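Data block below; observations after.
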Amino acid sequence: MAEEKKENEKKSQEKTSLKVPEATGAAVTIEIGLAPPHPSKKISVSLSPGDPAPYPMGPRPVTGGRRPRLDGPIKVMGRAVYTHDVRKPGMLHARIVRSPHAHAKILSIDTSAAEKIAGVVIENPGKTVVRYHGEAVVALAAPTPAAAEDALRAVKVAYDVLPHTVSLAAARKEGAPLVFQKAVEEKRSAGDEPGEASKLPQTGNVRGPKNSGKGDVDKGFAEAEGTLELITTTSVQTHVPLETHALFAEWVGDTLEVQASTQGTFSVRDELAEVFKLSKDKVIVRAEFTGGGFGAKFGAGDYGVFAAKLAKKAGKPVLMALDRKEEHLSAGNRPDSWNRVKLGYKKDGTVTAADYESFGTAGVATGTGTGGFVKAAYGFPAVKVAESDVFTHLGPGCAMRAPGHPQGCFAVETALEELASRLGMDPLALRLKNDPSEVRRAEWELGAKEIGWSRRAEISKANAAAAAAGSPLRRGLGCAASIWYTFVAPGSQVFVRIHRDGSVEVENGVQDIGGGPRTPIAMVVAEELGLPVEKINVKIGDSRYPFGPASGGSVTTGSLIPAVRAAAVHARDKLLDVASKLLGVPASEIALAEGVFSAKGKTVEFRKVCSRLSGETLVATGDRAKDYDGADTRIFGAQFAEVVVDVETGVVAVKKVVAVHDCGQPVWKTGVESQIRGGILQGISYALFEERIVDERSGRVLNPNVEFYKILGSKDTPEIVPLLVDFYPGKNNAHARGIGEPATVPTAAAVANSIAHATGIRPTALPITPARILDALGKRPKREVRA
Amino acid sequence: MAKSPQPPEETRDEPKGVTRRGLIKGIASVVGVASAGATTLLVEARHELQAANGNGAIPVSLTINGVARQGSFDARTTLAEALRDAWGLTGTKVGCDRGACGACTVLLDGTPVNSCLTLVHDADGRKVTTIEGLGSPEAMSPVQKAFVDADALQCGFCTPGMVVSCSALLAKNSRPSAHDVREAVSGNLCRCGTYTGVFAACDAAAKAGVKHG
Numbered sequence: 001m002a003e004e005k006k007e008n009e010k011k012s013q014e015k016t017s018l019k020v021p022e023a024t025g026a027a028v029t030i031e032i033g034l035a036p037p038h039p040s041k042k043i044s045v046s047l048s049p050g051d052p053a054p055y056p057m058g059p060r061p062v063t064g065g066r067r068p069r070l071d072g073p074i075k076v077m078g079r080a081v082y083t084h085d086v087r088k089p090g091m092l093h094a095r096i097v098r099s100p101h102a103h104a105k106i107l108s109i110d111t112s113a114a115e116k117i118a119g120v121v122i123e124n125p126g127k128t129v130v131r132y133h134g135e136a137v138v139a140l141a142a143p144t145p146a147a148a149e150d151a152l153r154a155v156k157v158a159y160d161v162l163p164h165t166v167s168l169a170a171a172r173k174e175g176a177p178l179v180f181q182k183a184v185e186e187k188r189s190a191g192d193e194p195g196e197a198s199k200l201p202q203t204g205n206v207r208g209p210k211n212s213g214k215g216d217v218d219k220g221f222a223e224a225e226g227t228l229e230l231i232t233t234t235s236v237q238t239h240v241p242l243e244t245h246a247l248f249a250e251w252v253g254d255t256l257e258v259q260a261s262t263q264g265t266f267s268v269r270d271e272l273a274e275v276f277k278l279s280k281d282k283v284i285v286r287a288e289f290t291g292g293g294f295g296a297k298f299g300a301g302d303y304g305v306f307a308a309k310l311a312k313k314a315g316k317p318v319l320m321a322l323d324r325k326e327e328h329l330s331a332g333n334r335p336d337s338w339n340r341v342k343l344g345y346k347k348d349g350t351v352t353a354a355d356y357e358s359f360g361t362a363g364v365a366t367g368t369g370t371g372g373f374v375k376a377a378y379g380f381p382a383v384k385v386a387e388s389d390v391f392t393h394l395g396p397g398c399a400m401r402a403p404g405h406p407q408g409c410f411a412v413e414t415a416l417e418e419l420a421s422r423l424g425m426d427p428l429a430l431r432l433k434n435d436p437s438e439v440r441r442a443e444w445e446l447g448a449k450e451i452g453w454s455r456r457a458e459i460s461k462a463n464a465a466a467a468a469a470g471s472p473l474r475r476g477l478g479c480a481a482s483i484w485y486t487f488v489a490p491g492s493q494v495f496v497r498i499h500r501d502g503s504v505e506v507e508n509g510v511q512d513i514g515g516g517p518r519t520p521i522a523m524v525v526a527e528e529l530g531l532p533v534e535k536i537n538v539k540i541g542d543s544r545y546p547f548g549p550a551s552g553g554s555v556t557t558g559s560l561i562p563a564v565r566a567a568a569v570h571a572r573d574k575l576l577d578v579a580s581k582l583l584g585v586p587a588s589e590i591a592l593a594e595g596v597f598s599a600k601g602k603t604v605e606f607r608k609v610c611s612r613l614s615g616e617t618l619v620a621t622g623d624r625a626k627d628y629d630g631a632d633t634r635i636f637g638a639q640f641a642e643v644v645v646d647v648e649t650g651v652v653a654v655k656k657v658v659a660v661h662d663c664g665q666p667v668w669k670t671g672v673e674s675q676i677r678g679g680i681l682q683g684i685s686y687a688l689f690e691e692r693i694v695d696e697r698s699g700r701v702l703n704p705n706v707e708f709y710k711i712l713g714s715k716d717t718p719e720i721v722p723l724l725v726d727f728y729p730g731k732n733n734a735h736a737r738g739i740g741e742p743a744t745v746p747t748a749a750a751v752a753n754s755i756a757h758a759t760g761i762r763p764t765a766l767p768i769t770p771a772r773i774l775d776a777l778g779k780r781p782k783r784e785v786r787a
Numbered sequence: 001m002a003k004s005p006q007p008p009e010e011t012r013d014e015p016k017g018v019t020r021r022g023l024i025k026g027i028a029s030v031v032g033v034a035s036a037g038a039t040t041l042l043v044e045a046r047h048e049l050q051a052a053n054g055n056g057a058i059p060v061s062l063t064i065n066g067v068a069r070q071g072s073f074d075a076r077t078t079l080a081e082a083l084r085d086a087w088g089l090t091g092t093k094v095g096c097d098r099g100a101c102g103a104c105t106v107l108l109d110g111t112p113v114n115s116c117l118t119l120v121h122d123a124d125g126r127k128v129t130t131i132e133g134l135g136s137p138e139a140m141s142p143v144q145k146a147f148v149d150a151d152a153l154q155c156g157f158c159t160p161g162m163v164v165s166c167s168a169l170l171a172k173n174s175r176p177s178a179h180d181v182r183e184a185v186s187g188n189l190c191r192c193g194t195y196t197g198v199f200a201a202c203d204a205a206a207k208a209g210v211k212h213g
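Top line first, the protein sequences correspond to chains A and B.
Each residue of the first sequence is one higher than the last, beginning at 1 in the working numbering.
Each residue of the second sequence is one higher than the last, beginning at 1 in the working numbering.
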């Protein structure tokens, strides 16, 4: 293995000089596409000044490999300090008084009893109306958690309860209680699919439709030999990061210093700067370790602003950490959805047109559209999409891992499965008929082989035999496609600092929410500098470092890694100049590997070169250059699931999931595979278990916890096989792309389709609970429902 | 799965009225009452417990990671709070504060318990092992090392609880089956989806012949 690495290193050194041409806008020819045996394509691109040319096809010594994560030891020892863990002398613990009602006028707020408790400070924004169960009314802080609980209890709020509406169906009806009296403008957070932040028509609680599409839909339906229409629904999913939303705030002079459990060090900084009218240099945000986010942790949040206000008032540091109930009620969720999909098709399985409509509730927020998948996933020639938000008196939805896409994938992939069944086609053959993507076609092929798709007919026979024998277990195979997009956070920048003693620091403000950016950053730098990965000291999670992306939209890797590589290459160039003087050889002839610069039989150690730097520290900057030409900006994936269903109990056991994805050139394969596993497990959880339950009469959420809001656990975990296609998309110097979101898009649909194969039912509502399966099988006794 | 703490074999002086039974009774008495605010049932129970015991801190002494510790706490204080707030042992995480996620798992006389459901006074005179007691920066425990090697962690917030549960399993059962491992961490929720890594890590640590806890 090590020798192989050395061999590769040698080869790459033989080919070209290490020095990067300083020419501006240099035109180079790059090779893009799938690695051999697939055909690739050579294209000419213009590089930004100073940007190194992209990796050529072929293995590299460090990047693309597997290794343990660098911050693994500190995490497994319990020594990583999350926001929940910040403890400072004199700090206060904050709590929020929240509305028990779905909709109410606030008549009075009496904080006098709370204020009598020693050390309590109160922040009362003077709200007059609340629009959801769990909405913040008053915030307070006290010297101990217990005193804060006592103060919370002592605040008396009088409400005049107003009529509410809490379900998609009820809120759409004419005459439903209005959530907003005036038209609401769309507020989108980072990580959402970008759309026109437009003013849309608003009628009652319905905002929209937002219309979009491509091709001539009328023509497509006119050419169709048949049409198929079905409706799917999905439930509200909550993010459930293990660390709830939290923010620690302290005023040091006129500077606001914060540690936040966030997906966006810089988005929190910018929001706090705006709220408190501070310049950006007067807000410092740290986020070295964040206990999960999944899309819900981009801003400072009302809780964070409260923390900073309380800290100012008290003149003391304040920690605000939501409890699990507050997290469920107020901190975001994936909106529910109602989706109608109509396909026009030819008898050979070709889809000629799609007409798609969605309604969804994000409570008091917007952004429920699910039409992205139908437009982008397959080669449907004509697509019409109409998406509408429906306001309800419930906590705000927000971005959640691939916003809108698991919902849209479930709708479209269910329709395709139904179409295959109607036409008597193999479901995979039908998909191939509609899939022009070369990358995805390679993925279908790999995945089908790994899951054993050819067993499908045999399994159907075995199921029929089991039914005849009165056995309750049925097996099924299903598949679904993934689609996502390459987004880039422009302005991402990296500093590499090399000190005279040879130590190397890499700085970027990016946070670690679990994706583990420290490790791939170190791998890229180690490779360029010819040093061991452990020797690279990666410093992240601080807004004083150069700008890094928020972890949303799967942008982190694609935005950061090319900048890291550019910085490392620039640092190496400067070292080469020093080495050149020491060796008396032109820089272009010098090789660098395993801590040694060498040329013409002469060598000088990395450390020695560093000791001859002109300044104490060499600082090199890497900018994220603009994307150039390359492959499709869509990220393709395909997943297959195998399930066993007990048709007597309705219980589903997912046995295996095979996931084949395009992640461009992965930097750190271990992390990519972990992300894929996580996306799949969240997808299975979404398919089978997760459902926020709301009492329509009181408007209250009934399961804001993790014992009745069920998420997947150890016993529900199947065998997972993550596979990557070896793909060189171009676009940036590292062929870098994200993976966090693509991995969760198709899982629920693949599970649903495998349940369909196993049982013959067509699941159209998520989660696919045992009750729903038994209902569909006609095996659940009808119960009388009392009025 | 974290189990309820077992009563110690020897009789000991219990602080007046402060028992786990008291906490459970407290929970039972409020179960029928609709929780109006954003507080949890458990918070209600602890409030009642506090009211029943009157104000004032009650002394407690216990052994944490081999070190004798003393403190004085309100009757309602959980072991998790005492560890994190009083003794700075923040490796023990609180994910749900009601015994449903397992992030707060510690060993109480060698048995895994949810420290958010254990009152600090119930740990009086007993031995507590937290994640910080299982390994040091200089020497990770074999289970910790196996977690790193198998990438059995992502954000890392559930990880200390997972490591404690796996360590407890291996201390009792040096050759656990796949089912045993799933059972042992069935009370530990992970949202990043690291379970397959946890299974692999536990398996690797078992094969390496680990026994500790």
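Positions of the beta carbon are idealized from the N, C-alpha and C atoms, including for glycine.
Because the structure is a prediction, the values reported are computed rather than measured.
In terms of beta-carbon proximity, D109 of chain B stays away from the interface with chain A, with every pair separated by 9 Å or more. One alpha carbon belongs to A620 of chain A, the other to A411 of chain A, and they sit about 49 Å apart. Counting only runs that start and end inside the region 444-509 of chain A, the beta strand (DSSP E) elements of at least 3 residues fall at 473-485, 493-499, 504-507. DSSP, reduced to helix, strand and coil, places R46 of chain B within a helical segment of the structure shown. Of the residues A:G299, A:H239, A:Q237, the one whose Cα lies closest to the Cα of Q259 of chain A is A:G299.
At a C-beta separation below 7 Å, C158 of chain B has these neighbours in chain A: L242. For I521 of chain A, the closest Cβ of chain B is not nearer than 9 Å.
Scanning its chain for C-beta atoms nearer than 7 Å, with the 5 sequence neighbours on each side dropped, one finds around R500 of chain A the residues C610, S611, L613, E616, in chain order. Residues are counted here when their Cβ sits less than 8 Å from a Cβ of chain A; for the region 53-87 of chain B these are D74, R76, T77, E81, R84, D85, given in chain order.
A direct Cα-Cα distance of roughly 10 Å separates Q144 of chain B from M162 of chain B. Under the Cβ distance rule, D149 of chain B counts among the residues neighbouring chain A, one pair being separated by less than 9 Å. Neighbours of G175 of chain A in chain B, taken as residues at a C-beta separation under 8 Å, are lacking, since the least C-beta distance is about 29 Å. The alpha carbon of A170 of chain A has as its nearest neighbour, out of A:N732, A:P718, A:R697, the alpha carbon of A:R697. V236 of chain A and E690 of chain A have their alpha carbons spaced roughly 8 Å apart.
Among the residues facing chain A, A206 of chain B is not included, as its CB has no counterpart in that chain under 9 Å away. In this structure the region 659-676 of chain A touches the region 64-81 of chain A; the number of beta carbon pairs closer than 8 Å is three or more. Neighbours of C101 of chain B in chain A, taken as residues whose beta carbon is under 7 Å from its own, are L242, V706 in chain order.
Collapsing the DSSP output to three states places I131 of chain B in a helix. T764 of chain A and A118 of chain A have their C-alpha atoms roughly 56 Å apart. In the same chain as E123 of chain A, and ignoring 5 residues on each side of it, the C-beta atoms closer than 6 Å to its own belong to A139, F306, K309, L310, in chain order. As for any beta strand (DSSP E) of minimum length 3 sitting wholly inside the region 334-405 of chain A, the runs are 337-345, 351-360, 383-390, ordered along the chain. Ranked by Cα distance from A465 of chain A, the options A:E450, A:A758, A:A27, A:A26 are led by A:A758.
For R497 of chain A, no Cβ of chain B is located within less than 9 Å of the residue's own Cβ. When CB distances to chain B are screened at a threshold of 9 Å, the residues of the region 68-99 of chain A falling below it are P68, R69, D71, G72, P73, I74, K75, V76, M77, G78, R79, A80, V81, Y82, H84, D85, V86, R87, H93, R95, I96, V97, R98, S99, in chain order. Contiguous beta strand (DSSP E) elements confined to the region 53-139 of chain B occur at 58-64, 67-73, 105-108, 111-114, 127-129, taking only those with 3 or more residues. For N537 of chain A, the secondary structure class from DSSP, reduced to helix, strand or coil, is strand. Three or more Cβ pairs closer than 8 Å define a contact, and the region 289-296 of chain A falls short of that threshold against the region 54-71 of chain B.
DSSP, read as helix, strand or coil, puts H93 of chain A in strand. V604 of chain A is a Cβ neighbour of A579 of chain A, given a cutoff of 9 Å. Contact between the region 734-746 of chain A and the region 446-465 of chain A is not established, with fewer than three Cβ pairs separated by less than 8 Å. Between I711 of chain A and V240 of chain A, the beta carbon gap of about 6 Å places them in contact (Cβ cut-off 8 Å). Taking 9 Å as the Cβ-Cβ cut-off, the region 275-307 of chain A approaches chain B at F289, T290, G291, G292, G293, F294, given in chain order. For Q682 of chain A, the closest C-alpha among the options A:P177, A:G295, A:T744 is that of A:T744. For A469 of chain A, the number of other beta carbons within 10 angstroms of its own is below 16, and it is reported as exposed. Within 10 angstroms of the beta-carbon of K461 of chain A lie fewer than 16 other beta-carbons, which makes it exposed. Runs of the alpha helix (DSSP H) lying entirely within the region 41-83 of chain A and spanning at least 4 residues, in chain order: 72-76.
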